[in-house]
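Asks:
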Amino acid sequence: MPSFVDDTIVAISTPPGIGGLAVVRISGPLALETINQYFSSTQKLKPRYATFGKLKHPALSEGEFDDCVVTYFKGPHSVTGEDLVEISIHGGAYLQQKLLEVLLRAPGVRAASAGEFTLRSFLSGRIDLSRAEAVADLIHAKDAAAHKNARNQLLGNLKNLVGSISEKLIHSLTVIEAELDFSDQEIDFTPSSALLGPLFEIRETTSALLETYFYGRRLEEGIRVPLVGAPNSGKSSLFNLLVGEERAIVTSHAGTTRDTIEKTIVVAGHSVILVDTAGLRETENEAELSGVDRSLDEIESADLVLLVHAPDTETNLDHDLTTTPYISVFNKLDLVSRAPDGMDISLSCTTGEGLDLLRSTLYEQVINMVNKGVGGVVLNSERHRDVFIRFKGQVSACIDSVQSEYGPEYIASDLRAALDILGEITGKTTPDDILNQIFSGFCVGK
Ligand SMILES: Nc1nc2c(ncn2[C@@H]2O[C@H](COP(=O)(O)OP(=O)(O)OP(=O)(O)O)[C@@H](O)[C@H]2O)c(=O)[nH]1
Ligand SMILES: [Mg+2]
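For the numbering used here, add 714 to where a residue sits in the sequence shown, where the first one is 1.
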């Protein structure tokens, strides 16, 4: 990633492939000059106006190349903070590639690297780092819940929360520094209780925030729900009914499913990854044994297990399910007059009876996992979690220093260290290598 930002960059900003329209973006001091070489219209480009015209230049084609709409944003009033031009053309692969190739030959223009438009937005102070990261989350959001969380972060919820915590720390720091300035005079020192109150509050908020991470990861990765049970209990049949297609093979032979099969469905706006697994039993067959190992691994990483029983099979689940939430499902209800006791749900894949109850129970379980967050913030990024863990440790160190009645210089330096850690969220104090890592995770053109 280049560290200088005064050159002009260009990239196709729409997803690769052929679509109705494609958008090519140019950002930097030469953006306007560059587009003017290729664009002809009855009107001059005006900031914040979309202008219809033609792309016409011998380097592009003999005659007219394409109709286009060019929108010009004059820096600093653009998303990158620089002069920015967006060219909408027809989305053909040749059109996009040819235009990009020709624009890249223009003097002083180079290809944008991954995430460079957003990086410029961050470097020009248009958005803080937490909001830049939210752009990536928004693009990758697979369901309504992940979208809402990314949108909240883009609106600045995390930035505002960090801002309000910082303000409290800065206030304490100002009080301490005033003491340092007057330390040669006979003035009363701030009582430690005045410093401790806000510090305890900050530590509590941080703990609550860290607790949202479990849910935040589910937002990112989906909620993992394997169907586990004895061979032939009807796991694959149930899996197919829940995903709405004949995805897994169903036969009357016990031991049909070997490999795990996953399919994502959306429940209450959340991605739920259903996993069909091999039936659990002791077996000499090597392939089946590997399947059984995988089933056990699935239980380990599950958020919720559907434990499937049937009247004509026996479930010898030699596995501790005390820490993983599960729903015990009795299948093949059509074969018996009444379900045994102790089952959460009884159903029949053959008749469909009881399926709606399973669906609504899944819905409830998903809703139960929802964490409303702290100030509308749900932590979903490992980077943020790591920063807040270190921050909490540093706040505890501040509390210790105050309680141990260390000198004001010592407390002030502890408070400054806490502020520095917090600044990594918004990008105030984020080291360059981390910035590079964050922005290189974007796609080119974003
Ligand atoms: N009568 C009846 N048969 C069912 C029901 N559900 C599944 N079956 C039958 O039970 C047999 C096993 O079904 P599968 O879905 O393959 O069972 P499984 O648990 O995936 O089995 P493995 O992959 O071998 O572990 C098939 O013949 C299904 O048609 C049901 O509700 N009632
Ligand atoms: Mg199966």
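We put the beta carbon where it would ideally sit given N, CA and C, even for glycine. For clarity, every value in this text was computed on a predicted model and none was experimentally measured.
With distances taken Cα to Cα, identify the nearest neighbour of R1104 among V1019, A745, R917.
Replies: Translated into the one-based positions of the sequence shown, residue 1104 becomes position 390. With distances taken between Cα atoms, R1104 lies closest to R917.
Asks: Consult DSSP for P1145 and reduce its assignment to one of helix, strand or coil.
Replies: In the sequence shown, the residue the question calls residue 1145 occupies position 431. P1145 falls in the coil class under three-state DSSP.
Asks: State the start and end residues of the unbroken beta strand (DSSP E) segment that holds S802.
Replies: Within the sequence shown, the letter at position 88 stands for residue 802. That run of the beta strand (DSSP E) goes 798-804.
Asks: In this structure, how does DSSP classify S658 when only helix, strand and coil are distinguished?
Replies: Nothing can be reported for residue 658: it is not among the residues displayed for the chain, which extend from 715 to 1160.
Asks: Would you check if the segment 867-884 and the segment 1124-1137 touch, i.e. whether three or more CB-CB distances between them fall below 8 Å?
Replies: Cβ pair count under 8 Å is three or more, so yes.
Asks: What is the rounded straight-line gap between the Cα of P1020 and the Cα of I963?
Replies: For the purposes of this step, residue 1020 is taken as residue 306 along the sequence shown, with counting starting at 1. For the purposes of this step, residue 963 is taken as residue 249 along the sequence shown, with counting starting at 1. In the sequence as presented, Pro is not what sits at residue 1020; that position holds Leu. Those two C-alpha atoms are separated by around 18 Å.
Asks: Determine which residues share a DSSP beta bridge with D990 and list them.
Replies: Position 276 of the sequence shown, counting from 1, holds the residue named residue 990. DSSP lists L941, I975 as partners of D990.
Asks: How would you write the range of the alpha helix (DSSP H) that S835 sits in, first residue to last?
Replies: As a position in the sequence shown, residue 835 is number 121, starting the count at 1. Counting along the chain, the alpha helix (DSSP H) containing S835 begins and ends at 830-837.
Asks: Evaluate the contact criterion for the segment 1059-1077 versus the segment 829-836: three or more CB pairs, one atom per stretch, below 8 Å.
Replies: In short, these stretches do not touch, since the Cβ pair count stays below three.
Asks: Over the uninterrupted alpha helix (DSSP H) stretch that includes A1162, give me the two end residues.
Replies: Past the edges of the chain, shown from 715 to 1160, lies residue 1162, and the structure says nothing about it.
Asks: Just checking A968 against ligand 2 - is the residue's beta carbon closer than 7 Å to any of the ligand's heavy atoms?
Replies: The residue you call residue 968 lines up with position 254 of the sequence shown. Answer for A968: no, Cβ out of range of ligand 2.
Asks: With DSSP as the reference, label F718 as helix, strand or coil.
Replies: Residue 718 sits at position 4 when you count from the first residue of the sequence shown. Reliability fails at F718, whose pLDDT of 48 lies under 50, so the model's placement of it is uncertain and the value that follows must be treated cautiously. Three-state result, F718: coil.
Asks: Below 8 Å, can you find three or more Cβ-Cβ pairs linking the segment 1110-1118 to the segment 949-965?
Replies: No, the segment 1110-1118 is not in contact with the segment 949-965.
Asks: Can you find a heavy atom of ligand 1 that lies under 7 Å from the Cβ of A992?
Replies: For the purposes of this step, residue 992 is taken as the residue at position 278 of the sequence shown. Answer for A992: yes, Cβ within range of ligand 1.
Asks: Tell me whether the segment 1006-1022 and the segment 967-977 touch, counting them as touching only if at least three CB pairs, one residue from each stretch, are closer than 8 Å.
Replies: The segment 1006-1022 vs the segment 967-977: in contact.
Asks: Rounded to a whole number of angstroms, what is the C-alpha to C-alpha distance between E1096 and T991?
Replies: On the sequence shown, position 382 is the one that residue 1096 refers to. On the sequence shown, position 277 is the one that residue 991 refers to. The straight-line gap from Cα to Cα measures roughly 29 Å.
Asks: Would you identify the three-state DSSP class for Q1151, choosing helix, strand or coil?
Replies: Start at 1 with the first residue of the sequence shown, and residue 1151 comes out as number 437. Note: Q1151 maps to helix in three-state DSSP.
Asks: Work out the CA separation of N946 and P716 for me, nearest whole Å.
Replies: As a first step, residue 716 must be located in the sequence shown, where it is residue number 2. As a first step, residue 946 must be located in the sequence shown, where it is residue number 232. The predicted model places P716 with a pLDDT of 44, which falls under 50 and marks its position as unreliable; any figure quoted below should be read in that light. Their Cα atoms are separated by approximately 58 Å.
Asks: When the Cα atoms are used, what is the spatial distance from F766 to D780?
Replies: Counting from 1 along the sequence shown, the entry for residue 766 is found at position 52. Counting from 1 along the sequence shown, the entry for residue 780 is found at position 66. Taking the straight line from one Cα to the other gives about 11 Å.
Asks: Give me whichever residues DSSP pairs with P761 in a beta bridge.
Replies: Here residue 761 refers to the residue found at position 47 of the sequence shown. DSSP lists Y786 as partners of P761.
Asks: Quick check on the burial criterion: 16 or more other C-beta atoms within 10 angstroms. Buried or exposed for N999?
Replies: Numbered from 1 along the sequence shown, position 285 holds the residue referred to as residue 999. Its Cβ having fewer than 16 others within 10 Å, N999 is exposed.
Asks: Closer than 7 Å by C-beta to F718: which residues in its own chain qualify, once you throw out the five before and the five after it? Chain order, please.
Replies: Here residue 718 refers to the residue found at position 4 of the sequence shown. The predicted position of F718 is uncertain, since its pLDDT is 48 and thus under 50; no value can be drawn from it.
Asks: Give the straight-line distance between the Cα atoms of S1154 and V724, rounded to the nearest whole angstrom.
Replies: As a position in the sequence shown, residue 1154 is number 440, starting the count at 1. As a position in the sequence shown, residue 724 is number 10, starting the count at 1. Cα to Cα, the separation comes out at about 16 Å.
Asks: From E935 to A850, what distance separates their C-alpha atoms?
Replies: To locate residue 935, count along the sequence shown from 1; it is residue 221. To locate residue 850, count along the sequence shown from 1; it is residue 136. Cα to Cα, E935 sits roughly 15 Å from A850.
Asks: Leaving out five residues on either side along the sequence, give the residues of the same chain with a beta carbon under 7 Å from the beta carbon of A864.
Replies: Here residue 864 is taken as the residue at index 150 of the sequence shown, counted from 1. Excluding positions up to five away in sequence, the list reads A848, D851, L852, A855.
Asks: I need the boundaries of the beta strand (DSSP E) containing L1021, first residue and last residue.
Replies: On the sequence shown, position 307 is the one that residue 1021 refers to. Segment 1019-1023, the beta strand (DSSP E) holding L1021.
Asks: Quick one: Cα of R1073 to Cα of R762, how far?
Replies: For the purposes of this step, residue 1073 is taken as residue 359 along the sequence shown, with counting starting at 1. For the purposes of this step, residue 762 is taken as residue 48 along the sequence shown, with counting starting at 1. Whole-angstrom Cα-Cα distance: 49 Å.
Asks: With a threshold of 8 Å on Cβ separation, who are the neighbours of A908 within its own chain once the five nearest residues in sequence on each side are excluded?
Replies: Counted from its first residue, the sequence shown places residue 908 at position 194. Same-chain partners within the cutoff: V889.
Asks: Taking 7 Å as the cut-off, is the beta-carbon of K949 closer than that to any non-hydrogen atom of ligand 2?
Replies: To locate residue 949, count along the sequence shown from 1; it is residue 235. K949 Cβ: within cutoff of ligand 2.
Asks: Just checking T971 against ligand 2 - is the residue's beta carbon closer than 7 Å to any of the ligand's heavy atoms?
Replies: Position 257 of the sequence shown, counted from the start, is the residue given in the question as residue 971. Yes - ligand 2 has a heavy atom lying nearer than 7 Å to the Cβ of T971.
Asks: According to DSSP, simplified to helix, strand and coil, what is A1126?
Replies: Residue numbering aside, residue 1126 sits at position 412 when the sequence shown is read from its first letter. In this structure, A1126 counts as helix in the three-state DSSP scheme.
Asks: Given this structure, state the Cα-to-Cα distance separating L1040 from I803, to the nearest angstrom.
Replies: For this step, residue 1040 is matched to residue 326 along the sequence shown. For this step, residue 803 is matched to residue 89 along the sequence shown. In the sequence as displayed, the identity of residue 1040 is Tyr instead of Leu. The alpha-carbon atoms of Y1040 and I803 are separated by roughly 52 Å.
Asks: Taking DSSP as the reference, what is the three-state secondary structure of K1165?
Replies: An answer regarding residue 1165 cannot be provided, because it is not within the stretch 715 to 1160 covered by the chain.
Asks: Near L744, which residues of its chain fall below 7 Å by C-beta distance, leaving aside the five closest residues on each side in sequence?
Replies: Taking the sequence shown and counting its residues from 1, the one referred to as residue 744 is at position 30. The answer, listed in chain order, is T722, G822, V823.
Asks: Would the beta-carbon of L818 be found less than 7 Å away from any heavy atom of ligand 4?
Replies: For the structure depicted, ligand 4 is absent and the ligand set comprises only ligand 1 and ligand 2.
Asks: Check R917 in the structure and name its three-state DSSP category.
Replies: Here the question's residue 917 lines up with position 203 in the sequence shown. Helix, per DSSP.
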